[in-house]
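A.B. asks: First, the structure itself, so that you have it in front of you.
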Amino acid sequence: MNESDLVDLIPNAAFAFRGYNIENLGRTHELLEHPDYGPVVRKQLRISSEICSDLVSRHVDLVARVVEQRETTLEEYDEAIALVLAVECAQVQCLRELFGVDMTKSRLFMGYSLGEIAALTECGIVSHEGAMSIPLRLATGCIELAHDVKLGVLFSREGSLNINEVKYFCQLINHQGNGVIGISTILSPNSLLLMGQRNTVRQFKDLAKTELSTPANVRINHHRWPPLHTPIVWEKSIPNRAAVLMHSVDVLFAPPTPPVLSMVTGTFAYEGHNVREILHRWVDHPQLLWDVVFEILSLGLETVIHVGPKPNIIPATFRRLSENVELQTRGKLHMRALGRMARTSWLSAMLPQKAALLRAPFVKQIVLEDWLLAAKPSPGQ
């Protein structure tokens, strides 16, 4: 896909910003070595290194980390935050300055977890330094809480999960006083992410097999995770500390352009006056990924451009949904005919609301770092 093709896609596209993961480098070293992108990436990494160094009171060199291809550890969670935000900023800067792409002409921005903060930065609601300051100042508390936190993927092959039922069993486990567990992300109607202290994820796994109205299983990830978007963060008053810190962060009192589809609310909630309020809720509320994906399909967007190093959870969600749609419709309706139906606005309006899901296989997914490395910047941009 060339430059003009991408520009043509922007008016009906969404930019999706990734969040923290255990792998945060992606192809950044290739961008750093690139003759055109390298200076932009290096400058942004240096800026973020300086901000991070000041806030965590130790020397941080993100350029060296990228050159040496050293992934961050949990103990370096603060550097991971700075790295992800820096790379996302650098990628969109390359797109804007070297290809003349105006991202504000897109339909919307969205971001998973830390990516929502990046999205607010790129539409000018919060400065880069202000956006980095809150998660960096809270990072130490998150690292301390993460020492015994495991992540579990709760999923059912039988049907949709009852979210209120899941919350009930989480609270039942929490009431025992042997650790806290909570929903971190709603991935789809039949899958979500749990984060829990000590043995709580294992306890929920045992309950899920017999007590849930929809039989389900839990696949446990044994990496340790900062427990954002769960009630675990209450233990160190992280939501309230975030709210206090946000009083002094400069915020633009205007709706973002383009609008930001929030995973805190699953809606276009940002109005300028409520940015601090929503970011306060961002700390301990589950990420409503499924609501955001469904909204994108309902709006008829044709392209999602994934920003950041090696984006994973949002592309994977679209991929699984596309595979499921194709599997369910195989032999029932030719996919080409299905595509015409899904793209016909008058027909979509007449079909049941959930028919928007049929569009999933036809939404183009572009990983920005891959696109940049395959493209050639135009001279004179």
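If you read the sequence shown in the numbering used here, its first letter stands for residue -1, the second for the next number, and so on.
The C-beta atom is built at its ideal place from N, Cα and C for all residues, glycine as well.
In this text the structure is predicted, and so the values were computed from the model without any measurement.
1. With a CB to CB cut of under 7 Å and the five nearest residues on each side skipped, what residues in its chain are close to V281?
2. Looking at the secondary structure, which residues open and close the alpha helix (DSSP H) in which A206 lies?
3. Determine whether the beta carbon atoms of L60 and A88 lie at a separation below 8 Å.
4. Which of the three DSSP states, helix, strand or coil, is assigned to I218?
5. Between the stretch 64 to 71 and the stretch 104 to 111, do three or more beta carbon pairs fall short of 8 Å?
6. Over what stretch of residues does the beta strand (DSSP E) that includes F13 continue unbroken?
7. Return helix, strand or coil for L106, following the three-state DSSP convention.
8. Can you say whether K362 is buried or exposed, counting buried as having 16 or more other CB atoms within 10 angstroms of its CB?
9. Report the residue ranges of all alpha helix (DSSP H) runs contained in full by the stretch 14 to 65; include only those spanning at least 4 residues, in chain order.
10. Using 8 Å as the threshold, is the stretch 263 to 277 in touch with the stretch 297 to 315, meaning 3 or more CB pairs across them?
11. Ignore the nearest five residues each way along the sequence and tell me which others in S47's own chain have a CB closer than 6 Å to its CB.
12. Please classify V323 as buried or exposed, where buried requires at least 16 neighbouring CB atoms within 10 angstroms.
13. If you drop the 5 nearest sequence neighbours on each side, which residues of the same chain put their C-beta closer than 8 Å to that of N176?
14. Using 10 angstroms around the beta-carbon of R56, count the other beta-carbons present and answer buried if the total reaches 16, otherwise exposed.
15. Kindly confirm or deny that the stretch 201 to 214 and the stretch 251 to 271 touch, where touching means at least three C-beta pairs closer than 8 Å.
16. For a test of the three-state rule: what should DSSP assign to T301, helix, strand or coil?
17. By Cβ distance, which residues of its chain are closer than 8 Å to H27, with the 5 residues on each side in sequence left out?
C.D. replies: Taking the definition as stated:
1. Within the sequence shown, numbered from 1, the residue matching residue 281 stands at position 283. Answer for V281: L226, V231, I236, P237 and A240, listed in chain order.
2. As a first step, residue 206 must be located in the sequence shown, where it is residue number 208. If you look at A206, you'll find it in the alpha helix (DSSP H) that goes T198 to T208.
3. In the sequence shown, the residue the question calls residue 60 occupies position 62. In the sequence shown, the residue the question calls residue 88 occupies position 90. Cβ atoms of L60 and A88: not closer than 8 Å.
4. Looking up residue 218 in the sequence shown gives position 220. I218: strand per DSSP, three-state reduction.
5. no
6. Within the sequence shown, the letter at position 15 stands for residue 13. Taken as a continuous stretch (DSSP letters only), the beta strand (DSSP E) holding F13 covers A11 to F15.
7. Stepping through the sequence shown from its first residue, residue 106 is reached at position 108. It is a strand residue.
8. In the sequence shown, the residue the question calls residue 362 occupies position 364. Under this definition K362 is an exposed residue.
9. 26 to 31 and 36 to 54
10. No contact exists between the stretch 263 to 277 and the stretch 297 to 315.
11. Position 49 of the sequence shown, counted from the start, is the residue given in the question as residue 47. These residues qualify, in order along the chain: V58, D59 and L60.
12. Along the sequence shown, read from residue 1 onward, the residue named residue 323 stands at position 325. Label assigned to V323: buried.
13. Locating residue 176 in the sequence shown gives position 178, counting from the first residue. Cβ within range, chain order: R196, N197 and T198.
14. In the sequence shown, counting from the first residue as 1, residue 56 sits at position 58. Classification of R56: exposed, given that the 10 Å Cβ count is below 16.
15. no
16. Start at 1 with the first residue of the sequence shown, and residue 301 comes out as number 303. It is a strand residue.
17. Within the sequence shown, numbered from 1, the residue matching residue 27 stands at position 29. If we look at H27 and ignore the five residues flanking it on each side, its Cβ neighbours are V64, V65 and Q67.
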